[in-house]
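Read the structure below first, then the notes.
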Amino acid sequence: MNQRRSFFVLTMMAFGFAFLYIPILSLIVYSFNESRLVTVWAGFSTKWYVALFHNEAVLTAARLSLKIATLNATGATILGTLAGLALARFGRFRGRAPLSAMVTAPLVMPEVITGLSLLLLFVAMEQAIGWPAGRGFTTITIAHITFSMSYVTVVVQSRLATLDESLEEAAMDLGARPAKVFFLITLPIILPAILAGWLLAFTLSWDDLVISSFVSGPGSSTLPILIFSKVRLGVSPDINALATILVLIVTTGIITAGIFMQRQQKRRERDVQQALAANL
Amino acid sequence: MANTRQDDRSEPWKDPGAMPYVRIDKVTKKFGDFVAVDDITLNIYRGEIFCLLGGSGCGKTTLLRVMAGFETPTAGSIWIDGVDVTAMPPYERPVNMMFQSYALFPHMTVEQNVAFGLRQDKLPKQEITERVIEMLKLVRMNQFAARRPHQLSGGQRQRVALARSLVKRPKLLLLDEPLAALDKKLREHTQFELINIQETLGVTFVVVTHDQEEAMTLASRIGVMNHGEIVQVGTPTEIYEYPVTRFVADFIGSVNMFEGSLIEDEPDYVRVESAELGGIFHVGHGVSAAPNATVWVALRPEKIHVSRERPEGNGDNRVAGVVAEIAYLGDQSIYLVRLAGGRMVRVTQPNIVRQGGGDRITWEEPVWLSWDSSSPVVVTQ
Chain A
5 MNQRRSFFVL
15 TMMAFGFAFL
25 YIPILSLIVY
35 SFNESRLVTV
45 WAGFSTKWYV
55 ALFHNEAVLT
65 AARLSLKIAT
75 LNATGATILG
85 TLAGLALARF
95 GRFRGRAPLS
105 AMVTAPLVMP
115 EVITGLSLLL
125 LFVAMEQAIG
135 WPAGRGFTTI
145 TIAHITFSMS
155 YVTVVVQSRL
165 ATLDESLEEA
175 AMDLGARPAK
185 VFFLITLPII
195 LPAILAGWLL
205 AFTLSWDDLV
215 ISSFVSGPGS
225 STLPILIFSK
235 VRLGVSPDIN
245 ALATILVLIV
255 TTGIITAGIF
265 MQRQQKRRER
275 DVQQALAANL
Chain B
101 MANTRQDDRS
111 EPWKDPGAMP
121 YVRIDKVTKK
131 FGDFVAVDDI
141 TLNIYRGEIF
151 CLLGGSGCGK
161 TTLLRVMAGF
171 ETPTAGSIWI
181 DGVDVTAMPP
191 YERPVNMMFQ
201 SYALFPHMTV
211 EQNVAFGLRQ
221 DKLPKQEITE
231 RVIEMLKLVR
241 MNQFAARRPH
251 QLSGGQRQRV
261 ALARSLVKRP
271 KLLLLDEPLA
281 ALDKKLREHT
291 QFELINIQET
301 LGVTFVVVTH
311 DQEEAMTLAS
321 RIGVMNHGEI
331 VQVGTPTEIY
341 EYPVTRFVAD
351 FIGSVNMFEG
361 SLIEDEPDYV
371 RVESAELGGI
381 FHVGHGVSAA
391 PNATVWVALR
401 PEKIHVSRER
411 PEGNGDNRVA
421 GVVAEIAYLG
431 DQSIYLVRLA
441 GGRMVRVTQP
451 NIVRQGGGDR
461 ITWEEPVWLS
471 WDSSSPVVVT
481 Q
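Heads up: the protein sequence lines correspond to chains A and B, in order. If you count the first sequence from 1, you need to add 4 to reach the working numbering. If you count the second sequence from 1, you need to add 100 to reach the working numbering.
In structure tokens:
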């Protein structure tokens with residue numbers, strides 16, 4: 005029985021991993037392809053990596069995308085967390101119903117509509133108050149924050165909904181002021197949700213094409229816009245190389261964070277043990 | 101410690117000159133149109149274990165939360181040790197609370213949980229460690245200091261929650277259903293442990309519970325609540341033996357309630373004629389009610405005597421019936437006796453003689469029920 009179940013679990017896991025990672029794996033493999041043809045294997049080579057680091061357009065686009073994604077993720081996380089807190093913790097305030105409805109609207113709004121309406125807004129604003137001047141980095145960032153904060157809000161709100169409110173009350177009862185309660189109790193407990201929200205917002209911005217196309221201007225191509233326009237002229241293997249580098253960066257980051265968190269936990273436990281041993 | 105016990109035995113609420121330690125003064129709490137706590141005035145004295153007892157939705161938890169500072173009363177004030185704390189936020193009150201869910205911080209160890217309150221007061225590190233260890237020893241959890249709450253059993257969590265709420269040496273400890281999450285055996289054991297800790301530290305406890313047995317064991321006094329009001333305040337004995345309303349009599353333990361009218365009203369006894377009973381109650385205490393007024397007589401099942409022979413006496417405080425049901429519970433048996441008018445009376449008798457032997461009263465047997473004139477209680481509302 006147990007044997008069979010573990011076989012079943014293993015199969016499921018294998019399929020899951022295959023489904024998720026085979027496309028990425030094939031992309032990594034083909035980034036080392038000698039041939040210019042993306043789908044034909046012609047031997048090992050790192051020439052596309054070399055080409056990539058000499059392609060100024062790709063590097064500029066990557067830098068822009070990274071900057072926008074980071075700024076967007078941070079902005080969206082702050083706004084989304086605040087909105088999630090307001091919805092989950094401040095009871096029934098005036099304007100709660102409209103906020104709750106409006107904040108989740110971008111989740112279901114067609115991207116084309118969001119993009120178009122933002123474009124119209126930016127143009128109107130430029131004419132009225134002269135800001136934002138032209139379209140580019142600023143407008144893309146604002147546009148991305150607009151739709152990705154909804155995702156953060158939903159993630160944070162649903163985490164807070166399952167968080168026992170008496171935890172916060174207990175902290176307050178033990179002498180912590182509301183701000184301290186938030187930073188010592190609420191924030192550490194919902195931190196995984198906030199980090200997940202940040203990563204979600206980052207990736208949403210990182211691969212957004214539709215909305216970015218509406219609100220970008222000349223000379224402000226993000227990576228998806230660049231890749232899309234390049235692919236229209238035919239797929240070139242240096243894109244594979246670029247993607248491989250990104251996968252490597254993300255993997256390293258996640259593993260480092262994991263190791264760091266584990267170490268911190270172990271150290272804390274050891275400290276407590278020592279403190280106790282000294283006092284007994 | 102001997103002193104504390106002495107203080108517990110003295111009954112400060114009977115001394116008109118005694119200063120109440122906690123004074124709840126005409127407190128009302130409304131949520132919209134719903135009145136959760138309705139104009140409650142209550143005095144609690146130093147070193148008491150005061151139980152607020154009532155069914156769900158009676159306002160007992162709201163009253164506790166008003167004392168803790170989580171709810172602001174709509175009207176009235178709360179005084180603790182001579183200080184008006186009504187407008188004081190929870191983090192400034194000399195009050196701590198033990199939550200029903202225990203509310204242990206999941207991202208902290210047992211030691212960090214208990215130290216949390218002391219850290220908020222910015223005490224020196226050495227003192228924090230000493231007091232945490234001392235408190236963990238008191239609740240016998242010192243070997244679990246490095247564990248996280250999810251690595252503990254329910255009873256262990258309960259003890260950590262208790263340690264955390266006591267470590268700041270509060271003037272008043274509020275406990276919200278402290279034993280509700282424990283199983284029966286552990287609950288009984290923990291009740292006595294709680295009383296021991298309370299006596300050791302001399303902290304005033306206010307306990308909210310819906311469990312009348314828990315209230316009876318723990319409390320120095322009980323306040324029975326219903327619909328946001330305190331119906332009766334008294335020692336467990338007073339509440340059980342001298343309920344002032346039908347609600348209290350019915351809520352605490354089981355009771356046979358008979359409607360009747362007052363036919364004789366003397367300062368030291370009354371007689372009540374009850375059609376339901378088909379007889380007359382002779383009650384050995386005076387009642388403040390108009391003659392011929394409708395009253396209710398409460399009679400506890402264990403205070404009724406069952407016999408085959410007609411009891412001696414003038415005819416009051418006895419009635420004939422037929423045994424309709426018997427439930428054998430081991431230590432005692434419950435008899436349901438049908439009276440002539442069809443009314444069922446619940447009687448419990450301890451099983452002093454071992455079952456199986458002897459000539460016992462059985463189903464459909466005609467019996468006589470009788471009781472002492474000190475047993476029935478007359479309530480007027």
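Ideal Cβ positions, reconstructed from N, Cα and C, are used throughout, including at glycine.
Closest residue to residue i among the options (Cα-Cα distance)
i: V260(B); options: E288(B), N392(B), N356(B) and L294(B); result: L294(B)
i: D365(B); options: P391(B), V166(B) and S475(B); result: P391(B)
i: P249(B); options: M235(B), S201(B) and E277(B); result: S201(B)
i: K131(B); options: M176(A), G257(A) and R96(A); result: Position check: residue 131(B) holds Phe in this sequence, whereas Lys was assumed. Nearest C-alpha to F131(B): R96(A).
i: K126(B); options: A398(B), L238(B) and S177(B); result: S177(B)
i: P116(B); options: K129(B), Y145(B) and F358(B); result: Y145(B)
i: E73(B); options: I297(B), D311(B) and E299(B); result: This structure gives no information on residue 73(B), because the portion of chain B shown stretches from 101 to 481.
i: S361(B); options: G353(B), P367(B) and E376(B); result: E376(B)
i: V116(A); options: D177(A), A92(A) and F218(A); result: F218(A)
i: L164(A); options: A180(A), V107(A), I193(A) and I133(A); result: I193(A)
i: Y121(B); options: V185(B), Y435(B) and V135(B); result: V185(B)
i: V174(B); options: L152(B), G154(B), P206(B) and F134(B); result: Contrary to the premise, residue 174(B) reads as Thr rather than Val in this sequence. Checked all of L152(B), G154(B), P206(B) and F134(B); the closest Cα to T174(B) is F134(B).
i: M208(B); options: R247(B), M188(B) and D416(B); result: R247(B)
i: L275(B); options: R460(B), H289(B), Q298(B) and Y428(B); result: Q298(B)
Nearest-angstrom Cα separation, counted from residue j out to residue i
i: W210(A); j: P228(A); result: 8 Å
i: Q220(B); j: Y191(B); result: 9 Å
i: V267(B); j: P196(A); result: 30 Å
i: G182(B); j: T304(B); result: 15 Å
i: A247(A); j: V254(A); result: 11 Å
i: L282(B); j: S30(A); result: 56 Å
i: R269(B); j: L218(B); result: 10 Å
i: I140(B); j: A174(A); result: 25 Å
i: M325(B); j: L273(B); result: 20 Å
i: K55(B); j: I228(B); result: Any question about residue 55(B) goes unanswered here, given that chain B covers just 101 to 481.
i: H382(B); j: V395(B); result: 13 Å
i: M241(B); j: Q256(B); result: 7 Å
i: R105(B); j: Q258(B); result: Its pLDDT being 38, under 50, R105(B) is placed unreliably by the model, and nothing is read from it.
i: T335(B); j: V445(B); result: 27 Å
i: I426(B); j: S433(B); result: 7 Å
i: V477(B); j: A349(B); result: 9 Å
i: K234(A); j: L41(A); result: 14 Å
i: T162(B); j: E130(A); result: 55 Å
i: G77(B); j: S265(B); result: Because chain B spans 101 through 481 in this model, residue 77(B) falls outside it and cannot be assessed.
i: P114(A); j: F151(A); result: 11 Å
i: G138(A); j: P222(A); result: 9 Å
i: F199(B); j: K270(A); result: 30 Å
i: V107(A); j: V62(A); result: 34 Å
i: A112(B); j: H385(B); result: In the sequence as presented, Ala is not what sits at residue 112(B); that position holds Pro. Roughly 26 Å separates the two Cα atoms.
i: T256(A); j: R231(B); result: 44 Å
i: L56(A); j: R236(A); result: 18 Å
i: N103(B); j: N296(B); result: Its pLDDT being 37, under 50, N103(B) is placed unreliably by the model, and the measurement read from it follows with that caveat. When rounded, the distance between both Cα atoms is 14 Å.
Cβ distance (whole Å) where residue i is taken to contact residue j below 8 Å
i: A168(B); j: V210(B); result: Not really, about 23 Å apart at Cβ, beyond 8 Å.
i: T145(A); j: I72(A); result: 5 Å
i: P401(B); j: N451(B); result: Actually they do not touch by this definition, with Cβ atoms about 14 Å apart.
i: V306(B); j: L164(B); result: 7 Å
i: V251(A); j: I28(A); result: 6 Å
i: V195(B); j: G159(B); result: Going by Cβ atoms, the distance from V195(B) to G159(B) rounds to 19 Å, so no, they are not a contact pair.
i: H340(B); j: G353(B); result: According to the sequence as given, residue 340(B) is Tyr; it is not His. Confirmed, Cβ separation roughly 6 Å.
i: V372(B); j: V397(B); result: 5 Å
i: I180(B); j: K271(B); result: 6 Å
Contacts of residue i in chain E (Cβ-Cβ under 7 Å)
i: M197(B); result: Among the chains of the structure shown, chain E does not appear; the protein chains present are A and B.
(message) Counting beta carbon pairs with one atom in the stretch 45-56 of chain A and one in the stretch 106-123 of chain A, are three or more of them shorter than 8 Å?
(response) no
(message) With a threshold of 8 Å, are at least 3 pairs of Cβ atoms found where one atom belongs to the stretch 459-477 of chain B and the other to the stretch 408-421 of chain B?
(response) yes
(message) Quick test of the definition: if touching needs 3 or more C-beta pairs under 8 Å, does the stretch 74-85 of chain A touch the stretch 145-163 of chain A?
(response) Yes, since at least three Cβ pairs between the stretch 74-85 of chain A and the stretch 145-163 of chain A fall closer than 8 Å, the two stretches touch.
(message) For the stretch 226-257 of chain B, list every residue whose C-beta sits within 8 Å of some C-beta in chain A, in sequence order.
(response) For the stretch 226-257 of chain B, the residues whose beta carbon sits under 8 Å from a beta carbon of chain A are, in order, T229, E230, I233, N242, A245 and A246.
(request) Closer than 7 Å, Cβ to Cβ, to anything on chain B: give me those residues from the stretch 187-204 of chain A, in chain order. (result) I189, P192 and I193
(message) Taking 8 Å as the cut-off, does the stretch 216-236 of chain A touch the stretch 179-192 of chain A (at least 3 CB pairs, one atom from each stretch)?
(response) Segments in contact, no.
(request) Scan the stretch 205-228 of chain B for residues whose Cβ lies nearer than 8 Å to a Cβ of chain A and list them as they occur along the chain. (result) F205, P206, H207, T209, E211, Q212, F216, G217, Q220 and D221
(message) Beta carbons nearer than 9 Å to chain B: which residues of the stretch 176-187 of chain A have them?
(response) M176, D177, L178, G179, A180, R181, P182, K184 and V185
(request) May I ask you to list, following chain order, the residues of the stretch 169-196 of chain B that have a beta carbon less than 7 Å from some beta carbon of chain A? (result) F170, P190, Y191 and N196
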